[in-house]
Amino acid sequence: MSTTRVVDADGHVLEPIDMWEKYMDDREMKPLAPKFFNDDKGVQQVMFDGQTIPRGIIGLAGRNAGKPLSPETSKQRWEEQQPGGFDPHKRVADLDLDGVDGAVLYPTIGLRYCGVRNPRLAAALCRAYNNWLADFCKASPKRLIGVGAIPLQDVPAAITEMKRVVTTLGFKAVFVRPNPINDRNLDHPDYDPLWQAAQDLGCPVTFHEGGFMKGIKTVGADRFDNLAYRHMLGHVMEQQIAMMTMVLGGVFEKFPRLRVAYLEAGGGWLPYWLERMNHHHERLAWMIPGCKMRPSEYFSRNCMISVDPDEKTIPMIVELVGDDNIMWASDYPHFDCTFPGAVAEVREAKVGPASLGKILGDNATRFYGLA
16 MSTTRVVDAD GHVLEPIDMW EKYMDDREMK PLAPKFFNDD KGVQQVMFDG
66 QTIPRGIIGL AGRNAGKPLS PETSKQRWEE QQPGGFDPHK RVADLDLDGV
116 DGAVLYPTIG LRYCGVRNPR LAAALCRAYN NWLADFCKAS PKRLIGVGAI
166 PLQDVPAAIT EMKRVVTTLG FKAVFVRPNP INDRNLDHPD YDPLWQAAQD
216 LGCPVTFHEG GFMKGIKTVG ADRFDNLAYR HMLGHVMEQQ IAMMTMVLGG
266 VFEKFPRLRV AYLEAGGGWL PYWLERMNHH HERLAWMIPG CKMRPSEYFS
316 RNCMISVDPD EKTIPMIVEL VGDDNIMWAS DYPHFDCTFP GAVAEVREAK
366 VGPASLGKIL GDNATRFYGL A
């Protein structure tokens with residue numbers, strides 16, 4: 016029997032409706048924190064920073080859990096979502112049901128914090144979420160693995176919060192969105208102190224796309240209103256742009272020990288994207304002077320990517336890129352997850368036992384620094 020520890024590299028929690036009231040420490044900012052309310056038609060909505068969030072976040076966020084989606088899904092109330100998203104004990108029971116030893120946890124509503132215009136509010140929201148998540152993980156600290164939110168709107172505040180969640184809360188990484196914040200791409204010099212701090216602290220930085228909100232520039236949002244179109248485009252293309260920006264923009268050249276992961280975008284595009292970056296480096300190196308090595312070499316040294324459990328392209332990625340930089344991720348309990356059955360889907364990948372062990376948990380254990 017295999018002794019590989021099975022690690023879900025990207026699962027999600029669902030923030031309780033009263034979380035911000037209980038955990039926000041900045042009283043002046045608390046009125047701008049997320050609030051759920053019923054509109055004049057009796058439909059539940061959520062608002063924060065003066066914006067009503069598009070309806071899809073409530074009905075689709077934690078609805079799947081093995082149930083089919085339908086137009087009625089969007090009518091479901093937030094508190095009626097998958098119980099394992101809110102309750103750590105029920106989450107552990109769901110991990111047992113699916114054969115998962117440990118789950119690395121990301122937010123749901125908190126994926127939109129990067130769209131907040133007020134840096135002070137963004138920092139307060141991150142602190143509140145991180146403190147709540149730390150309490151959530153205390154129920155089973157070896158199996159519930161926290162990743163901290165940091166406010167890119169204010170780089171010094173982001174560094175402060177990163178140091179706090181790693182040294183005080185015991186989190187294994189921090190996450191940000193791949194999108195440009197305040198018109199800064201990820202290779203902007205303003206971010207250099209953040210990358211330096213993450214490298215010095217040995218803290219992995221992960222990139223996770225999320226929902227839509229004014230103030231977040233997302234691929235496809237300028238031309239499509241259809242949520243399906245925008246979701247399909249944004250999650251993949253924002254990660255492609257983020258990877259390209261950091262590789263060609265010289266971030267990994269300046270910070271060779273920085274570890275990053277690009278999550279929830281699938282992996283089938285990776286071989287093509289690395290080949291395309293290599294080709295541009297060969298032909299246009301004078302235009303990207305910060306990129307000294309072949310882009311694929313930076314990826315191998317500095318980066319991880321997550322794949323969906325049922326991706327048919329996993330063998331291709333292993334063959335063309337290798338098996339050291341791939342982790343699987345469930346996206347539990349969001350609408351496009353498989354539950355139960357995600358681990359069984361990963362095990363069906365047509366790769367050798369050594370590669371399967373790395374994808375199931377060895378790579379995530381190494382990347383996140385898990386015992």
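Here the numbering used here runs 15 ahead of the position in the sequence shown, where the first position is 1. Even for Gly, the Cβ is constructed at its ideal location relative to N, Cα and C. In this text, all values refer to a predicted model and were calculated from it rather than measured experimentally.
Along the chain, where does the beta strand (DSSP E) that runs through residue i open and close?
i, result
"His343", "As written in the sequence, residue 343 is Trp, which differs from the His given in the question. Trp343 -> beta strand (DSSP E) spans 341 to 343."
"Cys129", "Run containing Cys129: none; DSSP gives neither H nor E here."
"Phe51", "50 to 53"
"Ile160", "159 to 164"
"Phe190", "188 to 191"
"Gly384", "Neither: Gly384 is in no beta strand (DSSP E) and is coded neither H nor E."
CA-CA distance, residue i and residue j?
i, j, result
"Ile32", "Val366", "43 Å"
"Asp169", "Cys129", "11 Å"
"Leu148", "Asn200", "28 Å"
"Met16", "Leu375", "Because Met16 sits at a pLDDT of 43, beneath the cut-off of 50, its placement in the model cannot be relied upon, and the point is left open."
"Glu389", "Asp23", "Outside the modelled stretch of the chain, which goes from 16 to 386, sits residue 389, for which no answer is possible."
"Glu253", "Met34", "29 Å"
"Arg381", "Asn197", "33 Å"
"Pro156", "Glu297", "46 Å"
"Val115", "Thr328", "22 Å"
"Asn194", "Glu224", "8 Å"
"Ala386", "Arg238", "45 Å"
"Tyr121", "Asp102", "14 Å"
"Met308", "Asp54", "55 Å"
"Arg179", "Lys56", "43 Å"
"Lys105", "Ile160", "15 Å"
"Gln59", "Lys90", "8 Å"
"Glu43", "Ala138", "13 Å"
"Ala344", "Asp25", "5 Å"
"Ile341", "Val275", "12 Å"
"Ser311", "Arg272", "16 Å"
"Ile165", "Ala48", "16 Å"
"Thr18", "Asp377", "10 Å"
"His250", "Asp41", "32 Å"
"Tyr38", "Pro46", "13 Å"
"Met177", "Val119", "17 Å"
"Gly100", "Asp109", "10 Å"
"Ala154", "Leu299", "52 Å"
"Val21", "Asp202", "34 Å"
"Gly163", "Arg192", "12 Å"
"Asp325", "Leu184", "33 Å"
"Met247", "Thr123", "17 Å"
"Ala188", "Val220", "6 Å"
"Thr417", "Pro355", "In the structure as shown, the chain starts at 16 and stops at 386, and residue 417 therefore has no counterpart that could be examined."
"Lys232", "Gly384", "32 Å"
"Tyr277", "Arg92", "30 Å"
For the alpha helix (DSSP H) containing residue i, list its first residue and its last residue.
i, result
"Ile256", "242 to 263"
"Met34", "34 to 38"
"Gln214", "207 to 216"
"Phe267", "266 to 269"
So what does residue i bridge to, in DSSP terms?
i, result
"Arg390", "The structure shown does not extend to residue 390, since the chain spans only 16 to 386, so no value can be given for it."
"Ala173", "Paired residue(s): none; Ala173 is not in a bridge."
"Thr67", "Met62"
"Gly376", "Paired residue(s): none; Gly376 is not in a bridge."
"Ala276", "Thr221, Met319"
"Gly26", "Leu120"
Counting only C-beta atoms, is residue i closer than 8 Å to chain D at any point?
i, result
"Asp150", "This model lacks chain D altogether; it includes just one protein chain."
Touching by the beta-carbon criterion (3+ pairs, under 8 Å), the segment 225 to 241 and the segment 204 to 212: no
Across the segment 289 to 306 and the segment 347 to 362, are there enough close Cβ pairs to call them in contact, namely three or more that are closer than 8 Å? They do not touch, by the three-pair rule.
Touching by the beta-carbon criterion (3+ pairs, under 8 Å), the segment 239 to 247 and the segment 130 to 150: no
Could you give the uninterrupted runs of the alpha helix (DSSP H) lying entirely in the segment 278 to 357, keeping only those of 4 residues or more? 285 to 299, 310 to 317, 329 to 335
Using a Cβ distance threshold of 8 Å, determine whether the segment 366 to 377 contacts the segment 125 to 140, with at least three qualifying pairs required. They do not touch, by the three-pair rule.
Taking only runs of the alpha helix (DSSP H) that begin and end inside the segment 93 to 142, which ones reach a length of at least 4 residues, in chain order? 98 to 101, 103 to 113
Can we say the segment 267 to 285 touches the segment 319 to 335, given the rule of at least three CB pairs closer than 8 Å? yes
Would you call the segment 21 to 29 and the segment 95 to 108 touching, i.e. three or more CB-CB distances under 8 Å? yes
Is the segment 331 to 341 touching the segment 291 to 302 in the sense that three or more CB pairs, one from each, lie closer than 8 Å? Too few Cβ pairs lie closer than 8 Å, so no.
So does the segment 257 to 269 actually touch the segment 307 to 317, counting three or more Cβ pairs closer than 8 Å? yes
Are the segment 129 to 140 and the segment 44 to 64 touching by the rule of at least three beta carbon pairs closer than 8 Å? yes
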